[in-house]
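Note that the sequence shown ends on residue 320 in this note's numbering; no numbers are left out. Built from N, CA and C at the ideal position, the CB exists for glycine as well.
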Amino acid sequence: RLHHLCPLHKYCTLSPTPSGAMSGVGLFLAVLAWRHGLVSALGIQTLEKASQTRRAGVALSAIGSESQEGRSGPIRPRNCTEQLLMVCNAYAYSRPLHIYNMRSQQRLTGKEPLAYKECGDYSVWLREGDQLDFRTTSGKSDEDAKEREAGEHSVGIFRAWGLPKFTSSLLLVPHRQGSSMGIAFESHIFRELQNTQLAVVDAYIGESSGRIRIADARDMTFNGSFTTMNKHRGNMEDLNYNSVIALNAGDYQLVLMDSAGGPVSALNLTVAEKSKQKFVVMRIGADEDLHNKVGNATALPQELFLHQQMLEMSKSSATQRSFLASAFAAALALVLVH
């Protein structure tokens, strides 16, 4: 049977914000303490509480990065550790994001910026104090450097403090901060375990409430647009936002429920035998009236999205991308209102 979920535990310690921090930019790393949670009816086990997002002017979770495009093999920069960085763009906006290392001025995203609902997996060298600058861009890859940079606008900076001294899998989720153009972050450092891990993130901005639930796919029955729990069989359990759970091999279904208990979207998740996969499931989107509050926002309904890390610990100097899986393939126009 399954081995999964349990009550949420708060095991997060925060490093202090250094002096001289930029206004409105958070400059610290949430260091996660490892502890086991209880085991629920489904068997899901909560491993730890993930990092917390803070408001503008208060510290945010942070990790830095250095990318060396085109190198044939890993060359260890001084005082750096190679890390596997997974960035998932939940920033609800019609323009994609480029990511720059401010110290090296190298562009982590390469020629193609990360669009909304897209993830990038990068093997990078990280140094204490590095800063990542997130910039909105026109998204045109054929522009020369001057034209491209002229059309870019920084929306937030992420800075590294308390980085692990060994290679780790790091998760970073940029998303909107309220009704402004400012960016906020969710982050997590995965532990190297024998189980598959699933990070649960709430990156939705708006008034609509929603919760993510998980069930054994064998206990679900297809009913029109959604699958529903079979009566008198199985369990469906809530996943706490900003937490990480361990999963045994098997087939699962993740369902986003609205305040009335109705399904909004659903995704299937398959965990392979003897795997150490790392996933993130997110509630993303922006309030439908957000574009009325700020002229250059994009309104998007809440959705459920899933991404699996594409890089493995044994691999280095590689960059892979994967689009987040969507429950609905309905076309959605991203409108930029000036």
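Taking 3 residues as the minimum length, the beta strand (DSSP E) runs contained wholly in the region 54 to 124 are 62 to 71, 79 to 83, 100 to 109, 113 to 118, in order along the chain. Under the three-state reduction of DSSP, Asp271 is assigned to coil, being neither helix nor strand. With a 10 Å radius around the Cβ and a threshold of 16 neighbouring Cβ atoms, Arg158 comes out buried.
For Asp269 and Asp184, the gap between their C-alpha atoms comes out near 14 Å. Nearest Cα to Ala72 within the set Leu153, Ile171, Met292: Leu153. Judged by DSSP in its simplified three-state form, Ala199 adopts helix. For Phe167, the uninterrupted beta strand (DSSP E) run begins and ends at 165 to 172, by DSSP.
For Ala248, the enclosing beta strand (DSSP E) has its first and last residue at 245 to 253.
Using a Cβ distance threshold of 7 Å, His80 and Arg117 count as a contacting pair. Between the alpha carbons of Ser247 and Pro59 lies a gap of roughly 44 Å.
The way I'd put it, the region 248 to 259 does touch the region 174 to 181; three or more beta-carbon pairs between them come closer than 8 Å. Note that the C-beta distance between Leu288 and Val263 is below 7 Å.
Bridge partners of Tyr234 according to DSSP: Asp198, Leu251. Rounded to the nearest whole angstrom, the C-alpha separation of Gly92 and Asp201 is 43 Å. Residue state for Met239 is assigned as strand, using DSSP reduced to three classes. Look at Leu229 here: in three-state DSSP terms it is strand. The beta-carbon distance between Leu145 and Leu114, rounded to whole angstroms, is 12 Å. This is too long to meet the 8 Å contact definition. Thr149: not part of any beta strand (DSSP E); DSSP gives it neither H nor E. For Gln290, the enclosing beta strand (DSSP E) begins and ends at 282 to 290. Residue pairing by DSSP places Glu219 opposite Ile196 in a beta bridge. Shortest Cα-Cα distance from Lys147 to any of Asn217, Ser162, Glu110 involves Glu110.
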